[in-house]
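Under this note's numbering, the sequence shown has 73 at position 71, and the numbering climbs by one with no breaks.
These notes are about the structure you will find just below.
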Amino acid sequence: MALPPDTNSAAAARNAAQQDVFLREVDDAVRQDQLEGFMSRYGKPLIAVIIIALLAFAGWIYWQHRQTQEREARSEAYVQALDALQSENLDAAKAKLAPIAGADSSDATVVSARLMLAGIALRQEKKADALKLYREISADGKAPQVLRDLASVREVGADFDAMKPEDVVSRLKPMAAPGNPWFGPAGELVGMAYLKQNKQDQAGPLFAAIAKDESVEDGLRSRARQLAAVLGVDAVDDVVNEKGEPLDKPIAKIVQPAEVAN
């Protein structure tokens, strides 16, 4: 015999479903009211912040684009200045370099342009202008350190005769060490300052170290080798065989004046 339907259970289920729908509608209404309240209170400031952020981002992209264009233009002008220098056209080189050097920047291209202008000033016998530029570059904390050091070396080189030897050593000794990019020119100037101070015992080994450093320019190494020899310091690396063992150095024959006459 079939059981009659449980009307109470069906009614309870229907009531529960209706209540669930009602609660969802209430929850949606509350969320809508909260959103409308939030937008009413914060909507305009939020939109303003979004607009400002978008404008700032667009401005940053434009600024990056302009910076790239300026760097490319400076690089092109720099190359043209180098060509003018190679042609000994100093005025044309200055005309190309001046706008680069005057830029409100301390990047490598700008600082290099200032160094080149200082070099041109020296060639045109405008020592005061050159020294001023070198000192400005040396004091520029935003410039690449390697270029600041180069400016110091060139400043001392240009003003060496007017400087006290101890001041030369003080300025350049940190750079007059193997491994430094400017070891060669800085070491040569420090070595000459040592000679002025009658410190041959310090000058000789320094010249020898420069002569043996393969990263140093050949002409400078040759000068350093000669100075080291004059000071009685061996500046020639030992000759080795294929096993790396030192070979005896050949002894040069001493030619007497009579032999030359014969």
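Note that the Cβ used here is the ideal one computed from N, Cα and C, for glycine as well.
For residue i, the three-state DSSP class (helix, strand or coil)
{"i": "Val235", "result": "coil"}
{"i": "Lys129", "result": "helix"}
{"i": "Val218", "result": "coil"}
{"i": "Gln88", "result": "helix"}
{"i": "Gly193", "result": "helix"}
{"i": "Gln204", "result": "helix"}
{"i": "Asp61", "result": "The amino acid occupying residue 61 in the given sequence is Gly; Asp does not appear at that position. Of the three classes helix, strand and coil, the one that applies to Gly61 here is helix, per DSSP."}
{"i": "Lys166", "result": "coil"}
{"i": "Lys134", "result": "helix"}
{"i": "Ser108", "result": "coil"}
{"i": "Pro183", "result": "coil"}
{"i": "Asp93", "result": "helix"}
{"i": "Gly121", "result": "helix"}
Close-in-space but distant-in-sequence residues of the same chain around residue i (CB under 7 Å, 5 per side omitted)
{"i": "Glu157", "result": "Leu133, Tyr136, Arg137, Ser140"}
{"i": "Lys2", "result": "Nothing about residue 2 can be read from this structure; the chain reaches only from 3 to 264."}
{"i": "Arg116", "result": "Ala103, Leu135, Ile139"}
Residue i versus the options, residue with shortest Cα-Cα distance
{"i": "Pro207", "options": "Asp151, Gln199, Glu219, Arg227", "result": "Arg227"}
{"i": "Ala198", "options": "Asp215, Lys214, Lys166, Arg223", "result": "The sequence shown places Lys at residue 198, not Ala. Comparing Cα-Cα distances from Lys198 to each of Asp215, Lys214, Lys166, Arg223, the minimum goes to Lys166."}
{"i": "Val148", "options": "Phe162, Trp184, Ala179, Asp106", "result": "Trp184"}
{"i": "Ala213", "options": "Gln88, Gly186, Glu168, Ala178", "result": "Gly186"}
{"i": "Gln281", "options": "Ser224, Ala179, Gly221, Glu219", "result": "Not covered by the structure: residue 281. The range shown for the chain is 3 to 264."}
{"i": "Gly181", "options": "Ile53, Gly61, Asp215, Leu117", "result": "Asp215"}
{"i": "Ala75", "options": "Glu127, Asp131, Asn200, Lys98", "result": "Lys98"}
{"i": "Glu90", "options": "Gln126, Thr70, Ile63, Glu190", "result": "Gln126"}
Short Cβ contact (9 Å threshold) for residue i with residue j
{"i": "Asp109", "j": "Pro146", "result": "yes"}
{"i": "Thr111", "j": "Ile122", "result": "no"}
{"i": "Ala195", "j": "Val171", "result": "yes"}
{"i": "Ala188", "j": "Val155", "result": "yes"}
{"i": "Ala95", "j": "Lys129", "result": "no"}
{"i": "Leu152", "j": "Glu190", "result": "no"}
Same chain, Cβ closer than 6 Å to residue i, five either side skipped, listed in chain order
{"i": "Leu229", "result": "Phe209"}
Within-9 Å CB hit, residue i to chain D
{"i": "Ala123", "result": "No chain D appears in this structure, which consists of one protein chain only."}
Chain-order list of residues whose beta-carbon lies under 8 Å from that of residue i (same chain, five-residue window excluded)
{"i": "Glu219", "result": "Gly186"}
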